[in-house]
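A.B. asks:
Residue numbers (our numbering): 26 to 137.
1) From the DSSP output, in three-state form, read off residue 121 for me.
2) Given a cut-off of 9 Å on the beta-carbon distance, is the pair residue 84 and residue 98 in contact?
3) Short of 8 Å in beta carbon distance, which residues of its chain neighbour residue 33, apart from the five on each side in sequence? Order them along the chain.
4) Rounded to a whole number of angstroms, what is the C-alpha to C-alpha distance between residue 89 and residue 38?
5) Given this structure, state the Cα-to-Cα distance separating residue 57 from residue 35, to the nearest angstrom.
6) Using 8 Å for Cβ pairs, my map puts residue 52 next to residue 124. What's the rounded Cβ distance?
Here is the structure:
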């Protein structure tokens, strides 16, 4: 009959002073709310220094992981970088992850 619900953990990684972190976090929280997901699935990780960047395999600020996979590259992070991150959506470069993109990636994970 029905399959077990997938366990979902979304990790938001950022560093203080990132000009795109606040808007991306707001987009993530709005996406979560619009999809009716519980607050507890989101873990917020502040990256303070190179040591924590190395520990978390930080890919730049902001980064969102779904069950350990980067929502942009769809891979588990390798290596690390302690800088701002740039994304390309529809041919436009931005430092923010768009709400609709976040929703699309969460839904793709929940409904493969």
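Glycine included, every Cβ here is placed at the ideal spot set by N, Cα and C. Computed from a predicted structure; not experimentally measured.
C.D. replies: Here's the rundown:
1) coil
2) Closer than 9 Å, so yes.
3) Within the same chain, residue 33 has close Cβ partners 62, 66, 91, 92, 131, 134, 135.
4) Roughly 6 Å between the two C-alpha positions.
5) 10 Å
6) 4 Å
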